[in-house]
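Numbering (this note's numbering), first residue to last: 116 to 185.
Just so it is clear, CB atoms sit at the ideal spot from N, CA and C, and this is done for glycine as well.
Everything on this sheet refers to the single structure shown next.
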Amino acid sequence: MSKVLKNINILAGKADPIIKPDAEYPAWLFSLLEQSQKPKTEWTPEEQLSVKYLRIQNRQRIKAVALAKK
């Protein structure tokens, strides 16, 4: 049984999207939610050059300074 998602369509003149059974989606799709909840702790040297790595490091530094002031 499929369920139609009302008012989520972003394309004019197209039908609303339909939720398919879980078996019709690839297995890796459900692992995306699990991975996003775990912060990454080990970074490769190439990843350490990325903007994302620098933002995370800066955020951690700001939190540490804020905790030290309390």
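Ignore the nearest five residues each way along the sequence and tell me which others in K121's own chain have a CB closer than 7 Å to its CB. Position 6 of the sequence shown, counted from the start, is the residue given in the question as residue 121. Apart from sequence neighbours up to five positions away, the residues of its chain that approach K121 with a beta-carbon distance below 7 Å are D131, ordered along the chain.
Expressed to the nearest angstrom, what Euclidean distance is found between the alpha-carbon atoms of L182 and S146? Within the sequence shown, the letter at position 67 stands for residue 182. Within the sequence shown, the letter at position 31 stands for residue 146. If you draw a straight line from the Cα of L182 to the Cα of S146, it comes to about 33 Å.
Just to confirm the assignment, what range does the alpha helix (DSSP H) spanning L169 have? Position 54 of the sequence shown, counted from the start, is the residue given in the question as residue 169. Where L169 is concerned, the enclosing alpha helix (DSSP H) starts and stops at V166 to K184.
Closest residue to K155 among I133, D137 and R170 (Cα-Cα distance): Residue mapping note: residue 155 aligns to position 40 of the sequence shown, counting from 1. Minimum Cα distance to K155 is reached at R170.
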